[in-house]
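Residue numbers (the numbering used here): 17 to 169.
So the structure is just underneath, and the comments pick up after that.
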């Protein structure tokens, strides 16, 4: 009897929830599937790797390593982007390079990463929501204070 009551109250609680969070690790996994590996950019080939994804100031921050053959250490860029939900997928918009490390000519490399960010991220799919949630029940998805929030109808 106790189990039935607990299950009943848990079901009522879950039905009353109006929003849940999408973990940044699931976004990182989705990005890694799409972008890790060798990439052909306009004037060079490089290997890219998504190393970290986190939320800061209501924006999605993506740390990307760019490994060029002639450099010992990879160049690391921190890209800040906004998200847009377009049923049933989540897309990156307004990609901005916050910082670049492990480089001598930061200004030039920052411009280079702007090209890369636009090629790899701008208006590209970040996450297919159908993998985790029924998109028919989703009202909106946005970046909250500390997480990506899914708001239900």
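Each residue gets a CB set at the ideal place from its N, CA and C atoms; glycine is no exception.
Buried versus exposed call for residue i [16 or more other C-beta atoms within 10 Å across all chains shown]
| i | result |
| --- | --- |
| residue 101 | buried |
| residue 46 | buried |
| residue 99 | buried |
| residue 87 | exposed |
| residue 131 | exposed |
| residue 91 | buried |
Beta-carbon proximity check, residue i vs residue j, cutoff 9 Å
| i | j | result |
| --- | --- | --- |
| residue 108 | residue 164 | no |
| residue 4 | residue 76 | Nothing can be reported for residue 4, as the shown portion of the chain is limited to 17 through 169. |
| residue 44 | residue 68 | yes |
| residue 125 | residue 145 | no |
| residue 154 | residue 169 | yes |
Whole-angstrom C-beta distance between residue j and residue i, which should lie under 8 Å
| i | j | result |
| --- | --- | --- |
| residue 61 | residue 81 | Wrong, their Cβ atoms sit about 15 Å apart, outside the cutoff. |
| residue 113 | residue 95 | 6 Å |
Residue i to residue j span [Cα, whole Å]
| i | j | result |
| --- | --- | --- |
| residue 103 | residue 149 | 11 Å |
| residue 73 | residue 134 | 21 Å |
Discussion item. Count Cβ pairs between the region 152 to 162 and the region 112 to 123 that sit closer than 8 Å; are there 3 or more?
Written reply: Here the region 152 to 162 makes no contact with the region 112 to 123; the two share fewer than three CB pairs at distances below 8 Å.
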